[in-house]
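Enquirer:
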Ligand code: GUN
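Numbering (my numbering), first residue to last: 403 to 687.
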């Protein structure tokens, strides 16, 4: 038996269509969701991400502005730009692309973004609201994982989810969101001694550690759902996830490919967050 693929590209396309329809409805009320993206320096991967975000804004009818700043930009200059964007009425979401150059403290920049415009969901207040289950803009990749499960008809309720990785961007928030979906969650990381044994107990595995092909077929219970958040570049230039896809697909019930699984969902959820921020502002007015 071979696992069913969870097609992130297709699901992402469906959500984007829904967003487009919502944008058309908002247009009638004179509202256009707006996203500001800030890139400091010339990291090639970040440049690609930023370009894709701007292109997606255009496709969905959002207003967007991209600020490309030189690597030498000071922290004070960046904070000044963030403050300006916080006050700009046509910008509902602000995303400062990470990583930032070493002389800039990421935390200072994230903390400076207005919570209602924090479409990355990285601000401590957004994180706190998510933890206590209040309304919040949720971090995009973890929200994308939950959306993939839901739209594939896979309920997490009563299931045992094993999350591998404890980053602030993916591992920690996805664990909380799975718990919110009524899963029992085991959080694993680099110091977890019996990782294969724990993974084998999982109904749902989420791998987000950045180790190519770490999750092997004998780590997976037959029929389990395997979500691969990893994006690793192999020496031959090919992309691969944290899951040994070809082998695991023979055992799992459902699996996300890399590329084409979780990846396309991240920008889509960013757009959804920007739309949500625009709606919240319109409802306030
Ligand atoms: N760099 C890599 N992923 C992300 C992300 O989701 N948000 C931001 N701001 N920077 C990133």
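Think of the CB as a built atom: it goes at the ideal place given N, C-alpha and C, for glycine as much as any other residue.
Is the separation between the beta-carbon of residue 671 and that of residue 546 shorter than 8 Å?
Expert: yes
Enquirer: Taking 7 Å as the cut-off, is the C-beta of residue 603 nearer than that to any heavy atom in the ligand GUN?
Expert: No, the beta carbon of residue 603 sits no closer than 7 Å to any heavy atom of the ligand GUN.
Enquirer: In chain order, what residues of the same chain lie with their CB nearer than 7 Å to the CB of residue 503, ignoring the 5 residues before and after it?
Expert: 442, 443 and 473
Enquirer: Taking DSSP as the reference, what is the three-state secondary structure of residue 577?
Expert: helix
Enquirer: Are residue 588 and residue 580 close, meaning C-beta to C-beta below 8 Å?
Expert: no
Enquirer: Determine whether the beta carbon atoms of residue 685 and residue 658 lie at a separation below 8 Å.
Expert: no
Enquirer: Secondary structure at residue 418, three-state DSSP: helix, strand or coil?
Expert: helix
Enquirer: Can you have a look at residue 675 and say buried or exposed, based on whether 16 or more other CB atoms are within 10 angstroms of its CB?
Expert: That one is buried.
Enquirer: Below 8 Å between beta carbons: does that hold for residue 440 and residue 456?
Expert: no
Enquirer: Whole angstroms is fine: what's the gap from residue 642's alpha carbon to residue 661's?
Expert: 7 Å
Enquirer: With three or more C-beta pairs closer than 8 Å as the rule, is the segment 650-657 touching the segment 616-623?
Expert: yes
Enquirer: Under a Cβ-count criterion, where at least 16 other Cβ atoms within 10 Å of its own Cβ denotes burial, should residue 578 be classed as buried or exposed?
Expert: By the Cβ neighbour-count rule, residue 578 is buried, with 16 or more other Cβ atoms within 10 Å of its own.
Enquirer: Tell me whether residue 406 sits in a helix, a strand or coil according to DSSP, three-state version.
Expert: strand
Enquirer: Does DSSP put residue 445 in a helix, in a strand, or in coil?
Expert: coil
Enquirer: Consult DSSP for residue 633 and reduce its assignment to one of helix, strand or coil.
Expert: coil
Enquirer: Can you tell me which of 570, 664 and 656 puts its alpha carbon nearest to the alpha carbon of residue 509?
Expert: 570
Enquirer: Grab me the residues of residue 470's own chain with a C-beta within less than 7 Å of its C-beta, minus the 5 sequence neighbours each way, in chain order.
Expert: 441
Enquirer: Hey, is residue 499 close to the ligand GUN, as in C-beta under 7 Å from one of its heavy atoms?
Expert: yes
Enquirer: Tell me whether the beta-carbon of residue 613 lies closer than 8 Å to the beta-carbon of residue 563.
Expert: Taking 8 Å as the cut-off, the Cβ atoms of residue 613 and residue 563 do not count as close.
Enquirer: According to DSSP, simplified to helix, strand and coil, what is residue 426?
Expert: helix
Enquirer: Which residues share a DSSP beta bridge with residue 621?
Expert: None; residue 621 has no bridge partner.
Enquirer: Quick one: which unbroken beta strand (DSSP E) runs of 3-plus residues sit fully inside the segment 577-611? Chain order, please.
Expert: 586-590 and 606-609
Enquirer: Go ahead and label residue 575 buried or exposed: buried means 16 or more other beta carbons lie within 10 angstroms of its beta carbon, across all protein chains shown.
Expert: buried
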